[in-house]
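*Asks:* In the working numbering, the protein residues as written are 221 to 606. My questions all concern the structure below.
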Amino acid sequence: MSSIDRKVQRTAAAKQTKKTRAENNAVTKKKARATRAPKENDEPISPEAEARLSELVKRIVSLHRRSTGQVFELGECLAEAKTVQPEKRFGRWLKENFRYSVRSAWNFISVHERLSHHRERLEQHAIGSTALIALAKGEPDQIEDVIKQFDEGKSLKPQEIKALVGGKNDEAEEQIDTRQLGGKAGLQKMAAAKLKSDMEEFHRLAALVLEELEEAISRVTAGKRIILRSLATGVELRARHASDLFKDIAAPLRPVEHLPRGNLSHAKIGDQTGWGAVQDSLYRLGGVGSWPPRDEMEKWVIELAHPALRFAVHGEPYVASAKLPAAPVLEVAKVDSDVTKNDQTTVEKEEDADETPPSVSDAELDSTLNSLMAANKAPAEAHMSR
Numbered sequence: 221m222s223s224i225d226r227k228v229q230r231t232a233a234a235k236q237t238k239k240t241r242a243e244n245n246a247v248t249k250k251k252a253r254a255t256r257a258p259k260e261n262d263e264p265i266s267p268e269a270e271a272r273l274s275e276l277v278k279r280i281v282s283l284h285r286r287s288t289g290q291v292f293e294l295g296e297c298l299a300e301a302k303t304v305q306p307e308k309r310f311g312r313w314l315k316e317n318f319r320y321s322v323r324s325a326w327n328f329i330s331v332h333e334r335l336s337h338h339r340e341r342l343e344q345h346a347i348g349s350t351a352l353i354a355l356a357k358g359e360p361d362q363i364e365d366v367i368k369q370f371d372e373g374k375s376l377k378p379q380e381i382k383a384l385v386g387g388k389n390d391e392a393e394e395q396i397d398t399r400q401l402g403g404k405a406g407l408q409k410m411a412a413a414k415l416k417s418d419m420e421e422f423h424r425l426a427a428l429v430l431e432e433l434e435e436a437i438s439r440v441t442a443g444k445r446i447i448l449r450s451l452a453t454g455v456e457l458r459a460r461h462a463s464d465l466f467k468d469i470a471a472p473l474r475p476v477e478h479l480p481r482g483n484l485s486h487a488k489i490g491d492q493t494g495w496g497a498v499q500d501s502l503y504r505l506g507g508v509g510s511w512p513p514r515d516e517m518e519k520w521v522i523e524l525a526h527p528a529l530r531f532a533v534h535g536e537p538y539v540a541s542a543k544l545p546a547a548p549v550l551e552v553a554k555v556d557s558d559v560t561k562n563d564q565t566t567v568e569k570e571e572d573a574d575e576t577p578p579s580v581s582d583a584e585l586d587s588t589l590n591s592l593m594a595a596n597k598a599p600a601e602a603h604m605s606r
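Below you can see the structure in the form of structure tokens.
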């Protein structure tokens, strides 16, 4: 009997030990999670943002994704929720309120962002959420082709849509040289290939510029000054190339006001818009000669350039809060040893020259040229006779 009692006691003790260990582990894990929580998750947000997030939660809960329109509304709500809170807080917010993964949320956001121009047509065909998510992954011309098939009365399953927009082309088609494809369709394919390549390179360069800006701002946060020489080394060439790519991708071409018969020129996008700020920031960062004095430069980087690059790379909302003072172009021109500054000055002078209206008529120019040719002719003939 004593041996049986000891076994019972040992079993009970083992169970109690196991229970205690489990409780201790749970407490330890809870503390560890609290310790490892990213700082971004603990950043306070404004009461207005909290109120708006609460409204979005109620709206999203009421959507059941039963209709095409509800899928678009869900994507729109999630896109707004992402912008009103810190980036790394978004995942936790999704999990706590809806048990959505970040990937699922991005799928719905993609439907809203990439298919909104076709929303009315897609609602007419009552396209489901799975098919919409698959369609949103296509290129613009592929999306249009699929919707045209819906317009023609065809019924496409999600897997069929994936095959149409997923790049599952024949090897022969992949090897076609788009430069040899004529007509509007050929030009569109060649332009789409260039746009895809340019977009990838632009976002790569913009992300690198943003990384350098945030490293510089971290010095200011730590009570130090931005080292302008180091910042210039990190951003100037990348920003200049990103600026060139941006102009080709998005800047409209316009006639030069004072040169109606001249070539078209890339126009500026509105300064008070997000992409206008991106255009201006990349152009300024790409030319050290256009940088203002240190104090003004630090303020401009923090209040304008950094938010603009966050807008370009992460899609965060942009609010204009600073303006860059006029660059001291004439003073920069005095420094002959600084090639970059002289290049910047030359560019601005050339732009001024292009925009200066002619001050003489065509007839006066012809008369001047004839007199110069006559003056040069006599010395030339005398030289030949000798």
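Glycine is no exception: its CB is placed at the ideal position from the N, C-alpha and C atoms.
Tell me, which residues are paired with Pro475 by DSSP?
*Replies:* In the sequence shown, residue 475 corresponds to position 255, counting from 1. Paired residues: Leu484.
*Asks:* Do Val508 and Glu456 have their CB atoms nearer than 8 Å?
*Replies:* Against the sequence shown, residue 508 aligns to sequence position 288. Against the sequence shown, residue 456 aligns to sequence position 236. Yes. Within cutoff.
*Asks:* For Pro537, collect the residues of the same chain with a Cβ closer than 6 Å to its Cβ; drop the 5 residues on either side in sequence, then sort them by chain order.
*Replies:* Counting from one through the sequence shown, the residue named residue 537 turns up at place 317. Cβ neighbours of Pro537 beyond the five flanking positions: Thr303.
*Asks:* According to DSSP, simplified to helix, strand and coil, what is Asp491?
*Replies:* One-based indexing of the sequence shown puts residue 491 at position 271. Correct three-state label for Asp491: coil.
*Asks:* I believe Val385 touches Ala354 by the beta-carbon criterion, under 8 Å. Please report the beta-carbon distance rounded to the nearest angstrom.
*Replies:* Along the sequence shown, one-based indexing puts residue 385 at 165. Along the sequence shown, one-based indexing puts residue 354 at 134. Confirmed, Cβ separation roughly 7 Å.
*Asks:* Taking the C-alpha atoms as reference points, what is the distance between Glu551 and Ala532?
*Replies:* For the purposes of this step, residue 551 is taken as the residue at position 331 of the sequence shown. For the purposes of this step, residue 532 is taken as the residue at position 312 of the sequence shown. Model confidence at Glu551 stands at a pLDDT of 34, short of 50, so the residue's coordinates are unreliable and nothing is read from them.
*Asks:* Would you kindly report the start and end of the unbroken alpha helix (DSSP H) that includes Glu307?
*Replies:* Here residue 307 refers to the residue found at position 87 of the sequence shown. That residue, Glu307, is in no alpha helix (DSSP H); it is neither H nor E in DSSP.
*Asks:* Helix, strand or coil for Tyr320 per DSSP?
*Replies:* Counting from one through the sequence shown, the residue named residue 320 turns up at place 100. Of the three classes helix, strand and coil, the one that applies to Tyr320 here is coil, per DSSP.
*Asks:* Quick check on His526 - is its C-beta less than 8 Å from some C-beta in chain B?
*Replies:* The structure shown has no chain B; it contains just one protein chain.
*Asks:* Have a look at Arg481, Arg445 and Asp464 and flag the residue whose alpha-carbon is nearest the alpha-carbon of Ala487.
*Replies:* By 1-based counting over the sequence shown, the position of residue 487 is 267. When the alpha-carbon of Ala487 is set against those of Arg481, Arg445 and Asp464, the nearest one is in Asp464.
*Asks:* Quick check on Tyr503: does DSSP put it in helix, strand or coil?
*Replies:* Position 283 of the sequence shown holds residue 503. The answer is helix: DSSP assigns Tyr503 an H, G or I state.
*Asks:* Which residues in the same chain as Ser349 place their Cβ atom closer than 6 Å to its Cβ, once the five residues preceding and following it in sequence are excluded?
*Replies:* Counting from one through the sequence shown, the residue named residue 349 turns up at place 129. So the list reads Arg285 and Val291, once near-sequence residues are dropped.
*Asks:* Using a Cβ-Cβ cut-off of 8 Å (strictly less than) and excluding sequence neighbours within five positions of Leu529, which residues of its own chain qualify?
*Replies:* Start at 1 with the first residue of the sequence shown, and residue 529 comes out as number 309. Within the same chain, Cβ atoms closer than 8 Å to the Cβ of Leu529 are found at Ala426, Val429, Leu430, Leu433, Val498 and Ser501, the five residues on either side in sequence being excluded.
*Asks:* Evaluate the contact criterion for the segment 316 to 336 versus the segment 293 to 307: three or more CB pairs, one atom per stretch, below 8 Å.
*Replies:* yes
*Asks:* Among Leu524, Asn483 and Asp515, which one has its Cα closest to the Cα of Tyr503?
*Replies:* Stepping through the sequence shown from its first residue, residue 503 is reached at position 283. Among Leu524, Asn483 and Asp515, the Cα nearest to that of Tyr503 belongs to Leu524.
*Asks:* Just tell me which of Arg514, Ala356 and Lys467 has its CA closest to the CA of Gly607.
*Replies:* Because the chain in this structure spans residues 221 to 606, residue 607 falls outside the shown range and cannot be described.
*Asks:* If you run the structure through DSSP and keep just helix, strand and coil, what is Glu359?
*Replies:* For this step, residue 359 is matched to residue 139 along the sequence shown. Three-state DSSP puts Glu359 in coil, outside helix and strand.
*Asks:* Helix or strand or just coil, what does DSSP make of Ala301?
*Replies:* To locate residue 301, count along the sequence shown from 1; it is residue 81. Here Ala301 sits in helix by DSSP.
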